[in-house]
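Numbering (mature numbering (1 follows the signal peptide of the UniProt record, and there is no 0)), first residue to last: -19 to -1, 1 to 581.
Note that the Cβ used here is the ideal one computed from N, Cα and C, for glycine as well.
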Ligand code: GCU
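Shown next as structure tokens:
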């Protein structure tokens, strides 16, 4: 794997690295760790008063990161100890009604105990923070990170003390044109520490990362590698899979890498039988247990082959919106609820839009036999010519693949959604697609394109990016943004590429419980008719290999203002934000039942 040049901000004190961002410690939950989830104090700071002085110069001292104890003599105009608290992980928008629309800085602070010793390092790991994070431990900067949906971690060993410690995080979710995503999107910009926070205590030389998968070239072989955090050679490391009677020991090379190849014929993972094996990666002072499935995914002409067998992706698109309570979803329970609804619909596949979802979602889908399309938020009008924007997109793509490379449930990496055609966009995305293949040559690459309208009811997909993807996917909204439900009847589709086709989005809005004539928008009967007409049209698309309707559940969006109908919800869900199924749900369920029979 090409090592990404990490913007490791190494903070030096007397020439000694006191803290730095380090490559992600894989499978952090399986390490010796303490959770920092729970109550955090927070201070809303719209003018970033805790970071800049009155001349807009960053504080060296006296910033909120010092967590100074308020008293009646010093001039300290903040106090975490008497501030409100918030349950973390969460988004502030749904936790504090004053912050529903807030975009800016909120400071978070938490005290914790830690037992230091000379044989271990402390790695502070965040599942995600949206969007711009500055992390301080005991008043000193541990590191910074941008990107709202991918994990990151810092080696904070030299900042930790034995006993009482505290962590402060400055979170800023302001949108900027050159960010990824850019300023315009159709989902809520939930700000905060939105996923698990973990402090892992690992050996000074630890297993940083590992890969265990079916060998891409040779059948009947499991291969992979184990990587240490430093270039310690001649370390004995091992991979064991008891159920396959595998216990393979290997030795690290001068780069701290150890490779293995093992003859084995594991039971392959399928949606019908999602077999996962317990895999343990060991070193003298470490045991890391994972659950790993084995499968192949490839294309052949217009077919997608799972384990060599043609498959139809019976999908649904899902935003990371918490069921029932709305707000940013993050927990195992949230994942199980959403994925059970997808299973009820008859899905063997989900499109996790438009950003990498939390690890619970990926691991639960794998356990439930659901394949996944995982996507970076290169969405709509990105700053195609800004090199920093490209570096940000590439870093997010790297971290998405890095985190989930052992997750057999993920079959597609998506590099974009609905991006306007231009030479600059093609240069940006083709580079990103090529980069994705350097990180993982075992999964399929796609992106959600836009179909090109053309006269006399013939729609032709034309996108220069077709040569850089394995699957040509596109969003189309006949019956909602274009034409009527009737328009579907004589609509033709021309996809001039010998690759599988996925319709990555279609749908229309309905307020659950609103009923009326099927020709009137916003009621359930209109949405039901839209699904009837669209699915009948899909039966006529040659090479259609999958569909992921937009969307499983109504979700919050600042673009959806229609009073008493949208009220800042996008109502394209087949299920309401209160978990009530709409009539269209059953149209899609029936269509999938037919599809399942066709592909038995
Ligand atoms: C677009 C876009 C989605 C959006 C949807 C809609 O296709 O990809 O993010 O929510 O349409 O307009 O509802």
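Please return the same chain residues whose Cβ sits closer than 8 Å to the Cβ of residue i, not counting the five positions on each side in sequence.
{"i": "residue 221", "result": "227, 228, 229, 260, 261, 263"}
{"i": "residue 378", "result": "357, 394, 396, 413, 416, 417, 420"}
{"i": "residue 568", "result": "509, 512, 513, 516"}
{"i": "residue 311", "result": "70, 71, 108, 175, 176, 177, 301, 303, 339, 341"}
In the DSSP output, what is residue i paired with across the bridge?
{"i": "residue 67", "result": "21"}
{"i": "residue 537", "result": "550"}
{"i": "residue 183", "result": "102"}
{"i": "residue 342", "result": "Bridge partners of residue 342: none, in fact."}
{"i": "residue 433", "result": "441"}
{"i": "residue 280", "result": "285"}
{"i": "residue 82", "result": "In the DSSP output, where bridge partners are listed per residue, residue 82 has none listed."}
{"i": "residue 136", "result": "1, 104"}
{"i": "residue 261", "result": "221, 270"}
{"i": "residue 295", "result": "528"}
{"i": "residue 39", "result": "33"}
{"i": "residue 228", "result": "221"}
{"i": "residue 51", "result": "BP columns for residue 51 are empty, so no partner."}
{"i": "residue 471", "result": "Answer is none; residue 471 lacks a bridge partner."}
{"i": "residue 90", "result": "22, 149"}
{"i": "residue 166", "result": "Answer is none; residue 166 lacks a bridge partner."}
{"i": "residue 427", "result": "395"}
{"i": "residue 485", "result": "Per DSSP, none; premise fails for residue 485."}
Looking only at its chain, what residues have a beta carbon closer than 7 Å to the beta carbon of residue i, apart from the 5 residues adjacent to it on each side?
{"i": "residue -19", "result": "Bear in mind that a pLDDT of 41 at residue -19, under 50, signals an unreliable position, so the model cannot answer this."}
{"i": "residue 561", "result": "493"}
{"i": "residue 385", "result": "343, 355, 391"}
{"i": "residue 472", "result": "438, 440, 459, 518"}
{"i": "residue 289", "result": "277"}
{"i": "residue 59", "result": "24, 31, 45"}
{"i": "residue 570", "result": "326, 327"}
{"i": "residue 349", "result": "255, 320, 324"}
{"i": "residue 234", "result": "214"}
{"i": "residue -17", "result": "Reliability fails at residue -17, whose pLDDT of 45 lies under 50, so the model's placement of it is uncertain and the value that follows must be treated cautiously. The answer is none, since no qualifying residue turns up."}
{"i": "residue 225", "result": "245, 247, 258"}
Would you kindly work out how many angstroms separate the C-alpha atoms of residue i and residue j, rounded to a whole number?
{"i": "residue 301", "j": "residue 333", "result": "8 Å"}
{"i": "residue 283", "j": "residue 194", "result": "26 Å"}
{"i": "residue 184", "j": "residue 207", "result": "15 Å"}
{"i": "residue 395", "j": "residue 541", "result": "26 Å"}
{"i": "residue 49", "j": "residue 151", "result": "15 Å"}
{"i": "residue 545", "j": "residue 490", "result": "13 Å"}
{"i": "residue 203", "j": "residue 482", "result": "30 Å"}
{"i": "residue 372", "j": "residue 132", "result": "16 Å"}
{"i": "residue 252", "j": "residue 134", "result": "33 Å"}
{"i": "residue 124", "j": "residue 115", "result": "6 Å"}
{"i": "residue 55", "j": "residue 141", "result": "26 Å"}
{"i": "residue 566", "j": "residue 457", "result": "19 Å"}
{"i": "residue 401", "j": "residue 7", "result": "35 Å"}
{"i": "residue 40", "j": "residue 315", "result": "40 Å"}
{"i": "residue 223", "j": "residue 548", "result": "54 Å"}
{"i": "residue 387", "j": "residue 192", "result": "6 Å"}
{"i": "residue 463", "j": "residue 559", "result": "28 Å"}
{"i": "residue 407", "j": "residue 336", "result": "20 Å"}
{"i": "residue 380", "j": "residue 579", "result": "37 Å"}
{"i": "residue 269", "j": "residue 3", "result": "19 Å"}
{"i": "residue 170", "j": "residue 5", "result": "25 Å"}
{"i": "residue 156", "j": "residue 84", "result": "8 Å"}
{"i": "residue 445", "j": "residue 480", "result": "14 Å"}
Since I believe residue j is in contact with residue i (beta carbons under 8 Å), could you give me their beta-carbon distance rounded to a whole number of angstroms?
{"i": "residue 528", "j": "residue 556", "result": "With 8 Å as the limit, residue 528 and residue 556 do not qualify as a contact, their Cβ atoms being about 17 Å apart."}
{"i": "residue 106", "j": "residue 24", "result": "With a Cβ gap of about 23 Å, residue 106 and residue 24 do not count as contacting."}
{"i": "residue 589", "j": "residue 161", "result": "In this structure the chain extends from -19 to 581, so residue 589 is not present and cannot be described."}
{"i": "residue 431", "j": "residue 455", "result": "6 Å"}
{"i": "residue 165", "j": "residue 361", "result": "6 Å"}
{"i": "residue 63", "j": "residue 20", "result": "Contact flag wrong, Cβ pair sits at about 14 Å."}
{"i": "residue 201", "j": "residue 241", "result": "That belief does not hold up - the Cβ atoms of residue 201 and residue 241 are roughly 15 Å apart, past 8 Å."}
By Cβ distance, which residues of its chain are closer than 6 Å to residue i, with the 5 residues on each side in sequence left out?
{"i": "residue 447", "result": "453, 478"}
{"i": "residue 87", "result": "23, 25, 73, 152"}
{"i": "residue 468", "result": "459"}
{"i": "residue 318", "result": "304"}
{"i": "residue 511", "result": "460, 466, 489"}
{"i": "residue 294", "result": "330, 527"}
{"i": "residue -13", "result": "Note that residue -13 has pLDDT 43, beneath the 50 cutoff, so the model's placement of it is unreliable and the number below is only indicative. Around residue -13: no qualifying Cβ."}
{"i": "residue 51", "result": "57, 60"}
{"i": "residue 423", "result": "197"}
{"i": "residue 113", "result": "127, 153"}
Are three or more beta carbon pairs between the stretch 316 to 323 and the stretch 353 to 372 nearer than 8 Å?
At 8 Å Cβ cutoff, the stretches do not touch.
Would you call the stretch 108 to 122 in contact with the stretch 130 to 150, where contact means no fewer than 3 C-beta pairs closer than 8 Å?
Yes, they touch.
Contact the stretch 92 to 111 vs the stretch 178 to 192: 3+ CB pairs below 8 Å
The stretch 92 to 111 is in contact with the stretch 178 to 192.
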